[in-house]
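Okay, so here's the structure we're looking at.
2 protein chains.
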Amino acid sequence: MELLKQKILNEGEVYPGNILKVDCFLNHQIDCNFLGEVGKEFHRLFKDEGVNKVLTIEASGIAIGAMVAQEFGCPLVFAKKTKTKNIAGDVYTTKVVSYTHDTAYDIMVSKRFLGEGDRVLIVDDFLAIGNALNGLIKLVEDSGAHLVGCGTVIEKGYQHGGDKLREKGIKVESLAIVEGMDADTGEIRFRD
Amino acid sequence: MELLKQKILNEGEVYPGNILKVDCFLNHQIDCNFLGEVGKEFHRLFKDEGVNKVLTIEASGIAIGAMVAQEFGCPLVFAKKTKTKNIAGDVYTTKVVSYTHDTAYDIMVSKRFLGEGDRVLIVDDFLAIGNALNGLIKLVEDSGAHLVGCGTVIEKGYQHGGDKLREKGIKVESLAIVEGMDADTGEIRFRD
Chain A
1 MELLKQKILN EGEVYPGNIL KVDCFLNHQI DCNFLGEVGK EFHRLFKDEG VNKVLTIEAS
61 GIAIGAMVAQ EFGCPLVFAK KTKTKNIAGD VYTTKVVSYT HDTAYDIMVS KRFLGEGDRV
121 LIVDDFLAIG NALNGLIKLV EDSGAHLVGC GTVIEKGYQH GGDKLREKGI KVESLAIVEG
181 MDADTGEIRF RD
Chain B
193 MELLKQKILN EGEVYPGNIL KVDCFLNHQI DCNFLGEVGK EFHRLFKDEG VNKVLTIEAS
253 GIAIGAMVAQ EFGCPLVFAK KTKTKNIAGD VYTTKVVSYT HDTAYDIMVS KRFLGEGDRV
313 LIVDDFLAIG NALNGLIKLV EDSGAHLVGC GTVIEKGYQH GGDKLREKGI KVESLAIVEG
373 MDADTGEIRF RD
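If you read the protein sequences in the order shown, they are chains A and B. Residue numbers 1 to 192, in this note's numbering, belong to the letters of the first sequence in order. Residue numbers 193 to 384, in this note's numbering, belong to the letters of the second sequence in order.
So, in structure tokens, the structure goes:
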């Protein structure tokens, strides 16, 4: 997605430790006009797949998921990272290790909102080694729903999480794949 | 907002402890078509106020905020509940006590995304005693931005957080104000 690549080049910042900061338009301050275009692009990429539910994970995936779900005219479900008083009853749950934050946490979705008959598109802001996506995929599998595919805004190609999912036969579409970054020069290289 | 009241009556569930569960359409599974209408309604209520930034708090406020920001054609900023590696530099921060979860947590917004010149509309899913809103208002005040007002989807009128803010002269618009609930009968009464 050319618009995204331009935004990454113009507004993204590269920090040591392979950190690409895009919090000015994607995951702290959010450019909602741009995000509307992201929603349309994911709809274009998955429109023939019979998607009837979009699944994401709090917090950065939610705005993206909302735009995508609006395009498909279907509900968005977001997996929660902590058990709250207000989630009653049974949940699907699994553990996710955060590469960025060096912690592990449980994610969960109420069984009422995911199950057989659902054709699920998973979306998220970033795909690196794929831990969050793999957790969401496990929730979909446990629920008996059908996984249509995964859409991520920015994939870090050099961490190969996306490639491993594609090797398993899962349709993974990333709107920009970063192949390398240089914190000294600020250079960002995309996969062709 | 009549559509919201009907959804609360048809899909909401009342639990002991004054808990109104609307996680089937508002804060776990999200009805994004409905949320588009919520965005339009908040735009109607605040369209003459020169809003150029929408502020909310993770996680349940984000989808609502995204729809509202899209209507205004302005950015959404969401306050984060935990410090992450990827928020560099200075932040505005304050402490919020969660009535629902009986815990306290810090919220923060990067100083790069809130400041003088911003005319801020705060939105959130629920308004009860108002702790989250008061925290967000403090961040706006600390930043030197102008608070235009607060829009919440569901206000629990009997907990008077909204009334206290209105007494201070803050414009608070809630799309439905619940005046009372009965967990035994499932009855939900709205303020006229």
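Beta carbons are placed, not taken as given, at the ideal position from N, Cα and C, and that holds for glycine.
Under the three-state reduction of DSSP output, A:Glu155 falls in the strand class. A:Ala59 reaches chain B at Glu250, Ala251, Ile254, Phe270, Lys272, Lys273, counting residues in chain order whose Cβ is nearer than 9 Å. About 6 Å separates the beta carbon of A:Ile57 from that of A:Ala132, a gap short enough to meet the 8 Å contact definition.
The stretch 238-247 of chain B and the stretch 12-27 of chain A do not touch, with fewer than 3 CB-CB distances between them shorter than 8 Å. For the 9 Å CB-CB criterion, A:Ile154 and A:Ile8 form a contact.
Excluding sequence positions up to five before and after B:Tyr297, its CB lies within less than 8 Å of the CB of Lys273, Thr274, Lys287, Val288, Ser290, all in the same chain and listed in chain order. Shown here, B:Met259 sits in a helix according to DSSP, grouped into three states. Nearest C-alpha to A:Asn134 among A:Ile62, A:Phe190, A:Thr93, A:Lys21: A:Thr93. Inclusion of B:Leu367 and B:Leu247 in the CB contact set at 9 Å is not warranted, their separation being larger than that value. Within chain A, no residue has its CB atom less than 8 Å from the CB of B:His235, the nearest being about 12 Å off. Straight across, the Cα-Cα distance linking A:Val123 with A:Gly61 is about 7 Å. Non-local beta-carbon contacts of A:Val22 in its own chain, meaning distances under 6 Å to residues more than five positions away in sequence, involve Gly12 in chain order. Counting of Cβ neighbours within 10 angstroms places B:Asp294 among the exposed residues, the total staying below 16.
The straight-line gap separating the alpha-carbon atoms of A:Gly73 and A:Thr152 is approximately 19 Å.
Those residues of the stretch 65-77 of chain A placed with their C-beta closer than 8 Å to a C-beta in chain B are Gly65, Ala66, Met67, Ala69, Gln70, Gly73, Cys74, Pro75, Leu76, Val77, ordered along the chain.
Classified as exposed, B:Gly378 has fewer than 16 neighbouring CB atoms from the shown chains inside 10 Å of its CB. Under DSSP, B:His338 forms a beta bridge with B:Arg311.
Straight through space, the alpha carbons of B:Ser302 and A:Gly117 are spaced by roughly 42 Å.
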